[in-house]
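Visitor: Mind having a look at this structure? Questions to follow.
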Amino acid sequence: MGVIVGRAMDTAVVAGSASMPLAKAIAKNLGCPLIEGSKRFPDGECFVSLDDLAGRRVLAVQSTYPDDAYVEHLLLLDAAREAGATHVTSIIPYMGYARQDRAFNPGEAVASRAVAHGVAAMADDVVAIDPHKESILNFYRVPGRAIATTAVPALATTLDEWGVDAILAPDKGARDRAALAASRLGVPFDHLEKTRLGPTEVVIKTKDLDVAGKRVAIVDDMIASGGTMVKAAGQLKEQGASTVYAACTHGLFTGGAIPKLLAGGIDRVLATDTLPTDGCDVVSAAEAVIDAVTTAPRA
Ligand code: R5P
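With our numbering applied, the sequence shown corresponds to residues 328 to 626, in that order.
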């Protein structure tokens with residue numbers, strides 16, 4: 328199987344309303360048309376109608392969060408087929424419901440799987456940007472590929488401009504992402520570790536790295552309430568870090584998270600355009616998508 332898209336003249340980017348800036352950046356980068364066709368009825372239901380896409384390979388760009396954006400994503404895939412697309416790729420900038428990937432208690436819906444089934448019924452390929460867990464892609468049973476791509480290199484480019492000396496992961500699970508960012512910058516990396524000293528005493532500190540006097544960036548897949556970043560920033564500043572930046576692919580920023588981050592020891596916040604954001608620095612994740620759709624799979 329080859330690349331997802333080849334010649335720009337055969338390709339079209341279909342932009343969903345939740346992911347417009349990113350869709351525009353992808354279309355511009357590929358040099359192909361950008362098609363829009365989503366509206367809302369007065370009752371709030373979504374309506375999608377797309378211009379002729381006969382013979383086109385379509386990239387439908389729309390996060391599957393929040394719920395109404397997910398429904399729009401399904402309608403975009405369906406409309407692309409109706410408009411004559413020969414190949415439809417679901418581009419998922421922010422994959423919603425990625426944290427409920429199993430039934431943690433009897434009777435719970437496996438939300439990641441349920442959401443995947445709707446998309447997989449209509450897409451030939453799926454490309455997700457920094458999904459919370461890559462294993463979720465196994466739920467996307469498509470004829471082609473269901474793959475993850477990462478916006479960490481885009482974040483790293485900006486962090487390099489900011490003069491970062493070290494990269495931190497907020498926990499061990501996020502270490503690979505920190506390692507990738509650090510390798511791009513040529514700086515050391517580490518993760519924060521929780522050590523229990525007694526029944527009520529817990530210490531959180533960097534596993535090995537001395538951050539004293541350093542400009543540190545914490546890199547995570549998402550920031551929601553900002554609690555994880557604030558806790559990490561507090562520890563890093565206590566250990567002598569001169570500056571702490573918070574960088575993530577997906578800026579959910581729920582409940583006034585950005586002011587909370589800035590008041591909680593974070594000096595600057597960076598996110599990508601996988602979600603609409605306001606009040607922080609933003610870098611485009613378009614390059615991550617271009618890489619994924621123009622690179623042939625490894626044999
Ligand atoms: C956790 O597994 C995630 O990678 C993030 O660290 C977490 O979702 C961030 O949430 P919050 O900003 O609410 O602490």
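Note that beta-carbon positions come from the ideal geometry of N, C-alpha and C, so glycine has one too.
Predicted model, so just to flag it, every value in this text is computed and none were measured.
For ALA623 and GLY329, which I take to be in contact (beta-carbon distance under 8 Å), what is that distance rounded to the nearest angstrom?
Guide: Position 296 of the sequence shown, counted from the first residue, corresponds to residue 623. Position 2 of the sequence shown, counted from the first residue, corresponds to residue 329. Correct: roughly 6 Å between the Cβ atoms.
Visitor: Closest to LEU507 by CA distance: which of THR477, LEU524, ASP498, LYS534 is it?
Guide: Position 180 of the sequence shown holds residue 507. Closest by alpha carbon: THR477.
Visitor: Would you mind stating whether VAL698 and ALA450 have Cβ atoms separated by less than 8 Å?
Guide: An answer regarding residue 698 cannot be provided, because it is not within the stretch 328 to 626 covered by the chain.
Visitor: Check whether the Cβ atoms of VAL388 and CYS359 lie closer than 8 Å to each other.
Guide: Walking along the sequence shown from the start, residue 388 turns up at place 61. Walking along the sequence shown from the start, residue 359 turns up at place 32. No. Outside cutoff.
Visitor: When burial is assigned at 16 or more other CB atoms within 10 Å of the CB, is ALA342 buried or exposed?
Guide: One-based indexing of the sequence shown puts residue 342 at position 15. With 16 or more Cβ atoms within 10 Å of its Cβ, ALA342 is classed as buried.
Visitor: Which stretch, first to last residue, makes up the alpha helix (DSSP H) that contains MET549?
Guide: As a first step, residue 549 must be located in the sequence shown, where it is residue number 222. Run containing MET549: none in the alpha helix (DSSP H); it sits in the beta strand (DSSP E), 542-550.
Visitor: For ASP517, which three-state DSSP category applies?
Guide: Here residue 517 refers to the residue found at position 190 of the sequence shown. If DSSP states are grouped into helix, strand and coil, ASP517 belongs with the strands.
Visitor: Does the ligand GTP have a heavy atom nearer than 7 Å to the CB of PRO480?
Guide: As presented, the structure is devoid of the ligand GTP, carrying the ligand R5P as its sole ligands.
Visitor: Rounded to a whole number of angstroms, what is the C-alpha to C-alpha distance between ASP535 and PRO515?
Guide: As a working note, residue 535 is residue 208 in the sequence shown. As a working note, residue 515 is residue 188 in the sequence shown. About 10 Å.
Visitor: Hey, quick one: how far does the alpha helix (DSSP H) through LYS351 stretch, first residue to last?
Guide: Along the sequence shown, one-based indexing puts residue 351 at 24. It spans 347-357 - the alpha helix (DSSP H) in which LYS351 sits, taken as one unbroken run.
Visitor: Take ALA441 and list the residues in its own chain whose beta-carbon comes closer than 8 Å to its own, dropping the five residues that flank it on each side.
Guide: Indexing the sequence shown from 1 puts residue 441 at position 114. So the list reads TYR424, once near-sequence residues are dropped.
Visitor: Rounded to the nearest angstrom, what separates PRO470 and ARG625 at their Cα positions?
Guide: If you number the sequence shown from 1, residue 470 lands on position 143. If you number the sequence shown from 1, residue 625 lands on position 298. Cα-Cα distance, rounded: 17 Å.
Visitor: When the distance is taken between beta carbons, is ALA396 closer than 8 Å to ILE693?
Guide: Nothing about residue 693 can be read from this structure; the chain reaches only from 328 to 626.
Visitor: If I'm right that VAL479 touches TYR572 with Cβ under 8 Å, what's the distance once you round it to whole angstroms?
Guide: The sequence position of residue 479 within the sequence shown is 152, counting from 1. The sequence position of residue 572 within the sequence shown is 245, counting from 1. That belief does not hold up - the Cβ atoms of VAL479 and TYR572 are roughly 14 Å apart, past 8 Å.
Visitor: Taking the C-alpha atoms as reference points, what is the distance between HIS518 and MET549?
Guide: Stepping through the sequence shown from its first residue, residue 518 is reached at position 191. Stepping through the sequence shown from its first residue, residue 549 is reached at position 222. C-alpha separation (whole angstroms): 16 Å.
Visitor: Under three-state DSSP, which class holds LEU597?
Guide: Locating residue 597 in the sequence shown gives position 270, where the first residue counts as 1. DSSP places LEU597 in strand when its eight states are reduced to three.
Visitor: To the nearest angstrom, how far is the alpha carbon of ALA544 from that of THR581?
Guide: Locating residue 544 in the sequence shown gives position 217, counting from the first residue. Locating residue 581 in the sequence shown gives position 254, counting from the first residue. Whole-angstrom Cα-Cα distance: 21 Å.
Visitor: Could you tell me the alpha carbon to alpha carbon distance between LEU357 and ILE617, rounded to whole angstroms?
Guide: Locating residue 357 in the sequence shown gives position 30, where the first residue counts as 1. Locating residue 617 in the sequence shown gives position 290, where the first residue counts as 1. One C-alpha to the other measures close to 7 Å.
Visitor: Measure from the C-beta of ALA430 to each C-beta in chain B and report whether the shortest distance is under 8 Å.
Guide: Going by chain labels, chain B is absent from the structure shown, which holds only one protein chain.
Visitor: According to the Cβ coordinates, are ALA407 and LEU377 closer than 8 Å?
Guide: Residue mapping note: residue 407 aligns to position 80 of the sequence shown, counting from 1. Residue mapping note: residue 377 aligns to position 50 of the sequence shown, counting from 1. Against a cut-off of 8 Å, the Cβ pair of LEU377 and ALA407 comes out as a contact.
Visitor: Using only the alpha-carbon positions, how far apart do GLU409 and LEU403 sit?
Guide: Mapped onto the sequence shown, residue 409 falls at position 82. Mapped onto the sequence shown, residue 403 falls at position 76. Those two C-alpha atoms are separated by around 10 Å.
Visitor: Sorted by chain position, which residues of the same chain lie with C-beta nearer than 8 Å to LEU524's C-beta, five sequence neighbours on each side aside?
Guide: In the sequence shown, the residue the question calls residue 524 occupies position 197. Excluding sequence neighbours, LEU524 sits near VAL530.
Visitor: Extract the residue ranges of the alpha helix (DSSP H) inside the region 433-465, only unbroken runs of 4 or more that lie entirely within it.
Guide: Qualifying alpha helix (DSSP H) stretches, in chain order: 438-447.
Visitor: Have a look at the DSSP bridge pairing and note the partners of LYS366.
Guide: The residue given as residue 366 occupies position 39 in the sequence shown. In DSSP, LYS366 forms a bridge with PHE374.
Visitor: Residues in its own chain within less than 6 Å of ALA412 by CB, not counting five upstream and five downstream?
Guide: Residue 412 sits at position 85 when you count from the first residue of the sequence shown. For ALA412, where only same-chain residues beyond five positions count, the Cβ hits under 6 Å are LEU380, ARG383, VAL385.
Visitor: Say yes only if the C-beta of GLY567 is nearer than 7 Å to one or more non-hydrogen atoms of the ligand R5P, and no if none qualify.
Guide: On the sequence shown, residue 567 is found 240 positions in, with the first residue counted as 1. For the ligand R5P, not one heavy atom lies less than 7 Å from the Cβ of GLY567.
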